[in-house]
Amino acid sequence: MQDLLQPLVDSGEVTRLFTIAGRWDPNRILIVAPLAPWSERERGESAIAADIRAALADLPGVNTRVGSPNSLGLRGVGSGLEVSLLGNDYDTLYASAQTFSRAIEEDVDGLGSARIDYSPTQPQVRVDIDRQRAESLDVPIDGLAQTLEAMISGLEIVDLNIDDRAIPLRLESSSRQVNRPADLANLRIQSDEGAMVPLSTLVSLREEGVAAELDREAQRRAISIDLAVEDGYPLQAAVADLRALADETLPADVGLITRGEAEALEETRQEVFVTYALALLIVLLVLAAQFESVMSAVVVMLTIPFGLAAAVFALALSGTSINIYSQIGLILLIGLMAKNGILLVEFANQLRDSGRSLRDAALESARVRLRPVSMTIIATVFGGLPLILGSGAGAESRAAIGWVVFGGLGMAAVFTLYFTPALYLLLARFARPRAAAQAALDRELDQPVSDSTSTIDGSANR
């Protein structure tokens, strides 16, 4: 395999190759190929990975998987999908995993190279004890187990302490009678009556294959399946297709959970609505405190959904998925949209305080604030262009944020300039101007003290 990857090292795109063999499984190896810095290569990571997949695809009898570490530091690789099947029995899980993997290869176009992280190929000798016969021959079960341990690997008897040193004493067979599994049948076990009973009369030996490691997830037996995701196939869509296929393929007692990036994606989907709700609530409270009017804050907040819709439309036009970086951009867009709305609503409130009518205040605010709002939008939109046009390490994540700001704020300029005055004209009539409210308060404070109050005070003085 290193010979197939050596041309990448010769071209300078890969700095070196090193191999890890037998760490997890004797039949599995890991080849790590660090890429050269962006300034020293022309192709991106996905293009190099595609060439490696093509080179390894023709290896006979070998299942290969090409992946890369993700930028979020999560378990798993950035270009794959990892799921686990949960159940009560490893044999049932392994059969279900094989059936599920074949169904994925046949029915899901964007997924492939399924690798089951469970290989029952490690040889093991199983010793089944006939307990009834052992009881009839007065052979203790614990003595039988100790004899097997002493003859095969040695039995630790006690620790001998000499000058602050603990030396373990082990009981081992000097004859080395057990060289292969069949030799176990020639061992003899002493019964409680002192008779030597052949082991072959008490146990049956069976050779079988077992997995080197047994995993558990959520306190249940688990078998993992790694899948390669094709470029352009969103991870969210892949998870949805897998769950739909699992409902059709897996037995009722076998469950499916996601791991790695897919698990983080599902957790993010559950928390993102809470994050957006908190962001909107904080903006609303700050605006209400600034304007001293809930209605003015509502006018500004009603323009934000139009900006979010414009951002999603811009992502669709650019072919960018809604990922964690674009979601960060959406939260940023909420603040930018609110900022532009504040410029219009605050000036309209000032005009109403000076005695202008509601309609005149809305129209004058739109006319006067057209220039500063346009300058803010243009400066922010062009400020997002370097994020979109940039290259190098991390360019994809910056481009997602840039498209949200560039497309969302750019297309939302129409909503800010036209819808905000219209919404203000529609809703501000339900709230009195601050000047009118202040005048009413001053009139109440300037009213003379009532006669009843004076009488009570006079009685108290007497």
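One point on numbering: in the UniProt record's numbering, the residue at position 338 of the sequence shown is 338, and numbering is uninterrupted.
Here a beta-carbon is modelled for each residue, glycine too, at the ideal position from N, C-alpha and C.
Note that the structure is predicted; figures quoted are calculated from it, not measured.
**Request:** Run the CB neighbour count on residue 406, radius 10 Å, all protein chains shown included, and call it buried at 16 or more, exposed below.
**Result:** buried
**Request:** Within the same chain, show all residues whose beta-carbon is closer than 8 Å to that of residue 266, passing over the 5 residues directly before and after it, in chain order.
**Result:** 239 and 258
**Message:** What does the alpha-carbon distance come out to for the pair residue 112 and residue 320?
**Reply:** 23 Å
**Item:** Identity of the residue in 117, 178, 192 and 158 nearest residue 142 by Cα
**Value:** 192
**Message:** Measuring straight from C-alpha to C-alpha, what distance separates residue 109 and residue 81?
**Reply:** 14 Å
**Request:** Assign residue 76 to one of two classes, buried (16 or more other C-beta atoms within 10 Å of its C-beta) or exposed (fewer than that).
**Result:** Caution applies to residue 76, whose pLDDT of 48 falls short of 50 and renders its modelled position unreliable; the model cannot decide the point.
**Request:** Count the other CB atoms, across all protein chains shown, that sit within 10 Å of the CB of residue 402; report buried if there are 16 or more and exposed otherwise.
**Result:** buried
**Request:** Take residue 52 and list the residues in its own chain whose beta-carbon comes closer than 6 Å to its own, dropping the five residues that flank it on each side.
**Result:** 66
**Message:** Whether or not the region 370 to 390 and the region 280 to 292 are in contact is what I'm after, with contact meaning three or more pairs of Cβ atoms, one per stretch, closer than 8 Å; do they touch?
**Reply:** no
**Request:** Give the DSSP-derived three-state secondary structure of residue 179 in the structure shown.
**Result:** coil
**Request:** Report the residue ranges of all alpha helix (DSSP H) runs contained in full by the region 150 to 226; include only those spanning at least 4 residues, in chain order.
**Result:** none
**Message:** Residues in the same chain with beta-carbon distance under 6 Å from residue 313, minus the five sequence neighbours each way, listed in chain order, please.
**Reply:** none
**Item:** Bounding residues of the beta strand (DSSP E) (the contiguous stretch that carries residue 112)
**Value:** 111 to 116
**Request:** Return helix, strand or coil for residue 335, following the three-state DSSP convention.
**Result:** helix
**Message:** Let's see if you can read the secondary structure: which residues bound the beta strand (DSSP E) around residue 499?
**Reply:** Shown here, the chain extends from 1 to 462; a query on residue 499 therefore has no answer.
**Item:** Inter-residue Cα distance where the pair is residue 276 and residue 415
**Value:** 20 Å
**Request:** Kindly provide the ranges of any alpha helix (DSSP H) runs that are 4 or more residues long and lie completely inside the region 246 to 290, ordered along the chain.
**Result:** none
**Request:** State the start and end residues of the unbroken alpha helix (DSSP H) segment that holds residue 388.
**Result:** 370 to 389
**Message:** On the DSSP bridge list, what partners appear for residue 82?
**Reply:** 226 and 259
**Item:** Limits of the unbroken beta strand (DSSP E) element including residue 483
**Value:** In the structure as shown, the chain starts at 1 and stops at 462, and residue 483 therefore has no counterpart that could be examined.
**Request:** In the DSSP assignment, find the beta strand (DSSP E) that holds residue 107 and state where it starts and stops.
**Result:** Counting along the chain, residue 107 falls outside any beta strand (DSSP E), though it belongs to the alpha helix (DSSP H) covering 90 to 107.
**Prompt:** Going by Cα to Cα distance, which pick from 336, 424, 371 and 303 is closest to residue 381?
**Reply:** 336
**Pairwise C-alpha distance: residue 331 and residue 211** = 47 Å
**Request:** Could you pull out every residue in the same chain whose Cβ sits closer than 6 Å to the Cβ of residue 431, ignoring the five residues on either side in sequence?
**Result:** 293 and 295
**Request:** Starting from residue 30, follow the beta strand (DSSP E) in both directions and report where the run begins and ends.
**Result:** 29 to 32
**Asked** Which first and last residues belong to the alpha helix (DSSP H) in which residue 131 is found?
**Response** 131 to 136
**Asked** Taking the alpha helix (DSSP H) that residue 68 falls in, what are its first and last residues?
**Response** Segment: none, residue 68 is in no alpha helix (DSSP H) and carries neither H nor E.
**Prompt:** Within 10 angstroms of its Cβ, does residue 291 collect 16 or more other Cβ (buried), or is it exposed?
**Reply:** buried
**Item:** C-alpha gap between residue 225 and residue 261, whole angstroms
**Value:** 14 Å
**Message:** Within a Cβ cutoff of 7 Å, which residues of the same chain sit near residue 425, ignoring the five residues on either side of it in sequence?
**Reply:** 358, 359 and 362
**Message:** Please identify the residue among 20, 387 and 168 whose C-alpha is closest to the C-alpha of residue 329.
**Reply:** 387
**Prompt:** Taking contact to mean at least 3 C-beta pairs separated by less than 8 Å, is the region 85 to 93 in contact with the region 159 to 168?
**Reply:** no
**Asked** Skipping 5 residues on each side, what residues in its chain have a beta carbon closer than 8 Å to that of residue 146?
**Response** 155
**Request:** Give the secondary structure of residue 504 by DSSP, where H, G and I count as helix, E and B as strand, and everything else as coil.
**Result:** Because the chain is modelled from 1 through 462, residue 504 falls outside the range shown and cannot be assessed.
**Request:** Tell me whether residue 509 is buried or exposed, calling it buried when 16 or more other Cβ atoms sit within 10 Å of its Cβ.
**Result:** Not covered by the structure: residue 509. The range shown for the chain is 1 to 462.
**Prompt:** In the DSSP assignment, what are the bridge partners of residue 35?
**Reply:** 14
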